[in-house]
Structures are given as structure tokens and as C-alpha cells.
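First the structure, in the form of C-alpha cells, and then the observations on it.
Residue numbers (my numbering): 9 to 176.
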């Protein structure tokens, strides 16, 4: 008698509006206790997950890769495309940037914060932060943001808004 291959059951995570792929992948992996390698193997993508979590989109994910990921994470391929920079939009890989006011409203990293053309938050007219205003530690990649605070001094991202300067 042959035993059927058991398919793993995964917790589904709903993406936030404007959320970056890096942040979404980190939330999905934590909810399902997966490593980047483990998720990559499940989707048949090899090391692509680890690259994408670091905003390394060269080459950009293909439609086939995004559809394979969509099957595993339970999110439409078109929704995953929205979590990526549009074609021709330059990205800043570093430093990771953040608007504390936006994070207080919706606890996620927004993809537009990493665009080279983004100087500040268009919703709150505040300059984006690239380091903790308390201890000056650079922000980790969004896939590693677990509790919404600085990983060195534990100042919360929403608390950081009082240190953001107005956009000129």
C-alpha cells in the first residue's frame, strides 16, 4: 500500500496595504516557523527568498517565480507584484528607512520607503528615519522586524515619530 505524500499545512498571512515583500515574507516565515531556505525549497525558488528579503531584485522575480511563491503563501500573484518596486523605479538597498507615524497606523515596512526618489513620508510630511534616534543603530532588513522596535535599545517604531523632522 502506497502512502500519499502529506502536504504541509501553513498559516496564511494577509498582506498590509503598501507592505514590502521583505516584510511580508518575514511575517509569513515566522508564522510558519520557516527559514528563508525552507520557504525557498517549498516554492521551488532556491535562494531567491533570502535575496528578495534584502531587496536584491536583480534579476527581478519572474512571473513564474511569483506564481510559485503565491501558491505557497496563499496570496495572489498580482498582489505579490504590488509588493515589489515598479519597473524603472530605483531602490535603496541600504539604509532601511522608516516612518514611525505610518508604522503606528499600519505595522509594516512600506516598499515606497526604499525608493531612491522618496525623500520623506507623503502622508505625514516627515523625513524618513534610517537609524534609531535613541541609539543610532541602523534598522535591520524588514523581514527581521518582529516586534516593531529597535533591536538594540527596544525603542518602538511608533515612539520614533517624535524624533522625525518635517519635510522641507
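Ideal Cβ positions, reconstructed from N, Cα and C, are used throughout, including at glycine.
Express the C-alpha separation of residue 105 and residue 147 in angstroms, rounding to a whole number.
Translated into the one-based positions of the chain shown, residue 147 becomes position 139. Translated into the one-based positions of the chain shown, residue 105 becomes position 97. When rounded, the distance between both Cα atoms is 7 Å.
Please go through the same chain and pick out, in chain order, the residues whose beta-carbon is closer than 7 Å to the beta-carbon of residue 31, but skip the five residues on each side of it.
Here the question's residue 31 lines up with position 23 in the chain shown. Apart from sequence neighbours up to five positions away, the residues of its chain that approach residue 31 with a beta-carbon distance below 7 Å are 116, 117, 150, 151, 153, ordered along the chain.
Rounding to the nearest angstrom, what Cα-Cα distance links residue 77 and residue 159 in this structure?
Taking the chain shown and counting its residues from 1, the one referred to as residue 77 is at position 69. Taking the chain shown and counting its residues from 1, the one referred to as residue 159 is at position 151. Taking the straight line joining both Cα atoms gives about 29 Å.
Would you kindly report the start and end of the unbroken alpha helix (DSSP H) that includes residue 70?
Walking along the chain shown from the start, residue 70 turns up at place 62. It is not in any alpha helix (DSSP H) - residue 70 carries neither H nor E in the DSSP assignment.
Does the beta-carbon of residue 19 have 16 or more other beta-carbons within 10 angstroms, so that it is buried, or is it exposed?
The residue given as residue 19 occupies position 11 in the chain shown. The residue is exposed, with fewer than 16 neighbouring Cβ atoms inside 10 Å.
What do you get for residue 73, buried or exposed, if any count of 16 or more other CB atoms within 10 angstroms of its CB means buried?
To locate residue 73, count along the chain shown from 1; it is residue 65. Its Cβ being crowded by 16 or more others within 10 Å, residue 73 is buried.
The alpha helix (DSSP H) with residue 45 in it runs from where to where?
On the chain shown, residue 45 is found 37 positions in, with the first residue counted as 1. Residues 44-51.
Can you list, in chain order, the residues of its chain whose CB lies under 6 Å from that of residue 35, leaving out five sequence neighbours each side?
In the chain shown, residue 35 corresponds to position 27, counting from 1. The beta carbon of residue 35 sits closer than 6 Å to those of 21, all from its chain and outside the five residues before and after it, given in chain order.
Per DSSP, residue 90 forms a beta bridge with which residues?
Position 82 of the chain shown, counting from 1, holds the residue named residue 90. Residue pairing from DSSP leaves residue 90 without any beta-bridge partner.
When the distance is taken between beta carbons, is residue 65 closer than 9 Å to residue 92?
Counting from 1 along the chain shown, the entry for residue 92 is found at position 84. Counting from 1 along the chain shown, the entry for residue 65 is found at position 57. Yes, these two residues count as a Cβ contact at 9 Å.
Return the chain-ordered list of same chain residues with a C-beta closer than 8 Å to the C-beta of residue 133, the five sequence neighbours on each side being excluded.
Within the chain shown, residue 133 is the residue found at index 125, counting from 1. If we look at residue 133 and ignore the five residues flanking it on each side, its Cβ neighbours are 174, 175.
Please name the residue or residues paired with residue 157 in a DSSP beta bridge.
In the chain shown, residue 157 corresponds to position 149, counting from 1. Answer is 164, bridged to residue 157.
Here's the rule: buried if 16 or more other CB atoms are within 10 angstroms of the residue's CB, otherwise exposed. What is residue 17?
Sequence index remark: in the chain shown, residue 17 carries index 9 (1-based). When all chains shown are included, residue 17 counts as exposed.
What span of residues does the alpha helix (DSSP H) with residue 111 cover, start to end?
In the chain shown, residue 111 corresponds to position 103, counting from 1. Counting along the chain, the alpha helix (DSSP H) containing residue 111 begins and ends at 108-113.
According to DSSP, simplified to helix, strand and coil, what is residue 123?
Looking up residue 123 in the chain shown gives position 115. Strand.
Between the C-alpha atoms of residue 87 and residue 161, what's the straight-line distance to the nearest angstrom?
Along the chain shown, read from residue 1 onward, the residue named residue 87 stands at position 79. Along the chain shown, read from residue 1 onward, the residue named residue 161 stands at position 153. Answer to the nearest angstrom: the Cα atoms are 34 Å apart.
Going by Cα to Cα distance, which pick from 102, 58, 130 is closest to residue 109?
Locating residue 109 in the chain shown gives position 101, counting from the first residue. Closest by alpha carbon: 130.
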